[in-house]
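Enquirer: In terms of our numbering, the sequence shown is residues 56 to 161.
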Amino acid sequence: MEEKEKYKILVIDDVKYQTRLTKKFEKRKSYIPVDLNKLISFISGTVSKLSVSKGSKINKGEELLILEAMKMKNRILSPKTGKIKSINVEIGQRIAKNDVILEFEK
Numbered sequence: 056m057e058e059k060e061k062y063k064i065l066v067i068d069d070v071k072y073q074t075r076l077t078k079k080f081e082k083r084k085s086y087i088p089v090d091l092n093k094l095i096s097f098i099s100g101t102v103s104k105l106s107v108s109k110g111s112k113i114n115k116g117e118e119l120l121i122l123e124a125m126k127m128k129n130r131i132l133s134p135k136t137g138k139i140k141s142i143n144v145e146i147g148q149r150i151a152k153n154d155v156i157l158e159f160e161k
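(1) If we call anything under 7 Å between Cβ atoms a contact, is LEU94 one with ILE146?
(2) Within the chosen definition, does the region 72-85 reach the region 96-109 through at least 3 CB pairs nearer than 8 Å?
(3) Jot down the residue ranges of each uninterrupted beta strand (DSSP E) in the region 115-144, minimum 3 residues, whole runs only, in chain order.
(4) Looking at the structure shown, is LYS78 part of a helix, part of a strand, or coil, going by DSSP?
(5) Quick check on this structure: which residue in GLU60, ASN143 and THR74 has the alpha carbon closest to the alpha carbon of SER102?
(6) Per the DSSP calculation, GLY100 is bridged to which residue(s)?
(7) From the DSSP secondary-structure annotation, give me the bridge partner or partners of VAL66.
(8) Would you grab the beta carbon distance between ASN114 and PHE159 for me? Rounded to a whole angstrom, and I think it's under 8 Å.
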């Protein structure tokens, strides 16, 4: 007896497609929407300077901290105007890629 193929429904731009998915596609990480109220590190490194504190009001483009990585000092600037809700790092702390550095108030 033949085994029936298992089809899945894939939705792209509100259009449904009946298809077979590869194992790699089925095991992929699902998309996580960007949270604009969280500042996430794009590289690993060490925090060498914090220019803001909890509750600080900041403008877009202001320096938030300096992250030292690969013998370079990277100035991390504010992506938006707002108020700092929490700071999750300290000076001298080593952070990994995708760590939440700080959060803005909504």
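Here a beta-carbon is modelled for each residue, glycine too, at the ideal position from N, C-alpha and C.
Expert: So, from the listed chains and residues:
(1) Their beta carbons are not under 7 Å apart, which means LEU94 does not touch ILE146 by this criterion.
(2) Fewer than three Cβ pairs drawn from the region 72-85 and the region 96-109 lie within less than 8 Å of each other, which leaves the two stretches out of contact.
(3) Those beta strand (DSSP E) runs which fall completely within the region 115-144 and span 3+ residues are 118-124, 127-132 and 137-142.
(4) For LYS78, the three-state secondary structure derived from DSSP is helix.
(5) In the sequence under discussion, the amino acid at residue 102 is Val, which differs from the Ser named in the question. Cα-wise, what sits closest to VAL102 is ASN143.
(6) DSSP, once it has assigned bridges, lists ILE150 as partnering GLY100.
(7) According to DSSP, VAL66 bridges with LYS71.
(8) Rounded, the Cβ-Cβ distance is 12 Å, inconsistent with contact.
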